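Working notes, structure below.
In our numbering, the protein residues as written are 770 to 949.
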């Protein structure tokens with residue numbers, strides 16, 4: 770089907786403005802190295818909802834992905850990643866969304882594509898961080914930071930656990946208030 774596979778940590782919003790995040794780190798999932806990490810706005814939490822995403826892949830491309838019809842296909846636009854362009858911004862004005870990338874929260878910003886009217890955003894939307902390995906059997910991870918002037922996500926951490934696994938790695942798990 771046309772369902773997406775993003776893991777998504779979100780907050781309900783009904784505001785116009787900018788959502789800005791800094792991608793601090795991203796793993797590299799073999800064999801395809803196409804795992805994605807970035808920011809997203811969705812009209813619902815279903816895997817077939819309309820959405821707008823800008824982020825980076827482990828194979829060093831910046832992607833704009835969006836679905837303008839629930840259950841429809843995903844539109845894709847990509848450009849080569851230039852080191853340091855780890856800040857992502859979505860500007861929302863009613864139902865119009867524009868994606869940007871840059872080297873710091875103050876800009877300068879480079880627009881990716883044009884502005885898109887996806888037909889949602891006059892009421893509540895979901896704004897958050899999105900990560901996908903593009904493989905249902907593999908988990909991908911990324912670390913984000915919110916700049917001081919973003920409309921941001923005040924995520925409330927409910928629990929966090931780290932477990933040593935065979936002295937080789939640490940297995941981490943957590944739950945946020947938006948996951949209840």
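Glycine included, every Cβ here is placed at the ideal spot set by N, Cα and C.
Model, not experiment: these values are computed from the prediction.
With residue i and residue j assumed to form a contact (beta carbons below 8 Å), what rounded beta-carbon distance in angstroms separates them?
i            : j           : result
residue 825  : residue 795 : 6 Å
residue 804  : residue 902 : 5 Å
residue 844  : residue 850 : Rounded, the Cβ-Cβ distance is 20 Å, inconsistent with contact.
residue 1004 : residue 779 : Residue 1004 lies beyond the range of the chain shown here (770 to 949); nothing can be said about it.
Specify the secondary structure class of residue i as computed by DSSP and reduced to three states.
i           : result
residue 875 : coil
residue 839 : coil
residue 914 : strand
residue 899 : strand
residue 946 : helix
residue 883 : strand
residue 812 : coil
residue 932 : strand
residue 851 : coil
On a Cα-Cα basis, can you pick out the residue from the options that is closest to residue i?
i           : options               : result
residue 906 : 850, 798, 792 and 861 : 798
residue 893 : 785, 835 and 872      : 785
residue 874 : 880, 881, 867 and 857 : 857
residue 911 : 789, 793 and 780      : 793
residue 860 : 778, 946, 934 and 790 : 790
Give me the Cα-Cα distance between residue i and residue j, rounded to the nearest whole angstrom.
i           : j           : result
residue 928 : residue 897 : 19 Å
residue 914 : residue 838 : 30 Å
residue 881 : residue 867 : 8 Å
residue 847 : residue 827 : 13 Å
residue 782 : residue 807 : 18 Å
residue 932 : residue 801 : 28 Å
residue 877 : residue 871 : 6 Å
Original post:
Is the segment 882–894 close to the segment 812–825, with three or more CB pairs under 8 Å?
Top reply: Contact between the segment 882–894 and the segment 812–825 is present, because at least three Cβ pairs lie under 8 Å.
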